[in-house]
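Peer 1:
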Amino acid sequence: MDKLQLLTELNDQIRTCDRCSLSITRKHALTGEGNINARLMFVALSPGAKEDVQNKMFVGPSGDVLNRLLDKAGISRESVFMTNLVKCMLPQNRKPQTGEIESCSLFLEKEISIIQPEVIVPLGYYATRAIIVKYHTKPEILNMSFKSINGRLLYSDKIKVFPLTHPSALLYDPSLEPETIKKYMRLKRFL
Ligand code: SF4
1 MDKLQLLTEL
11 NDQIRTCDRC
21 SLSITRKHAL
31 TGEGNINARL
41 MFVALSPGAK
51 EDVQNKMFVG
61 PSGDVLNRLL
71 DKAGISRESV
81 FMTNLVKCML
91 PQNRKPQTGE
101 IESCSLFLEK
111 EISIIQPEVI
121 VPLGYYATRA
131 IIVKYHTKPE
141 ILNMSFKSIN
151 GRLLYSDKIK
161 VFPLTHPSAL
171 LYDPSLEPET
181 IKKYMRLKRF
191 L
């Protein structure tokens with residue numbers, strides 16, 4: 001099977017998944033979207049309320065911020081692949097539970113193995129933590145804070161990871177924007 005067939009099959013499984021209780025409160029389980037031959041794969045935390053209703057990634061307020069960051073960095077949304085760590089909305093934007101991340105992680109792992117990106121770009125603490133735990137076994141990286149690895153390229157035998165600030169963080173603290181733009185601009189070298 002080619003990439004598209006594999007992804008179509010996987011997406012069918014995601015849409016009908018009831019492996020955790022988030023399936024009860026969601027309207028849609030969001031599948032990844034974008035360029036299936038992308039060198040960059042963005043991994044956000046989960047769909048927000050608007051994303052859940054519209055069944056599309058980054059269409060809410062944080063989507064506006066992401067568009068702005070990508071625009072400043074000279075990267076088109078069409079050139080990257082985007083997905084979520086947790087495919088269903090977290091009610092009231094609450095934190096994900098460990099069991100929810102564990103239940104959903106097999107979908108992300110399959111997406112990564114199908115897309116085979118050059119660099120994984122986890123957005124924010126939870127996505128970064130999950131990716132590092134899975135793909136980076138070096139203790140010195142596992143023990144580092146998100147702040148200290150934000151905007152740094154991390155190599156491992158298996159994959160390259162480039163953690164970045166989640167766009168929603170700028171909604172809470174707009175003063176982060178200039179520094180975040182600089183970090184997003186570093187993505188250009190991977191394209
Ligand atoms: S969050 Fe993931 S594991 Fe839970 S129901 Fe949605 S798709 Fe399934």
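Per my numbering, the very first residue in the sequence shown carries number 1; after that it's consecutive.
Glycine included, every Cβ here is placed at the ideal spot set by N, Cα and C.
Please state the DSSP three-state secondary structure of L191.
Peer 2: Of the three classes helix, strand and coil, the one that applies to L191 here is coil, per DSSP.
Peer 1: F42 lies in the alpha helix (DSSP H); which residues open and close that run?
Peer 2: Taken as a continuous stretch (DSSP letters only), F42 belongs to no alpha helix (DSSP H), being part of the beta strand (DSSP E) at 40 to 44.
Peer 1: Under DSSP, the alpha helix (DSSP H) around N67 begins and ends at which residues?
Peer 2: 61 to 73
Peer 1: What is the chain-ordered set of residues for which the beta carbon lies under 6 Å from any non-hydrogen atom of ligand 1?
Peer 2: I14, C17, D18, R19, C20, L22, S23, A29, V86, K87, C88, E100, S103, C104
Peer 1: Per DSSP, F81 is paired with what?
Peer 2: G34, M41
Peer 1: Please report the distance separating the alpha-carbon of G151 from that of L85.
Peer 2: Here the alpha carbon of G151 sits roughly 19 Å from the alpha carbon of L85.
Peer 1: Kindly identify the DSSP beta-bridge partner or partners of Y155.
Peer 2: K160
Peer 1: So, does the region 32 to 40 touch the region 67 to 84, judging by three or more C-beta pairs under 8 Å?
Peer 2: yes
Peer 1: Beta-carbon within less than 6 Å of T128's beta-carbon, same chain only, minus the 5 sequence neighbours each way: which residues are those?
Peer 2: P122, F146, P163
Peer 1: Please name the residue, chosen from G124, T98, K158, L40, that lies closest to K138 on a Cα-to-Cα basis.
Peer 2: K158
Peer 1: Just reading off the alpha helix (DSSP H) that V133 is part of, what are its end residues?
Peer 2: 125 to 135
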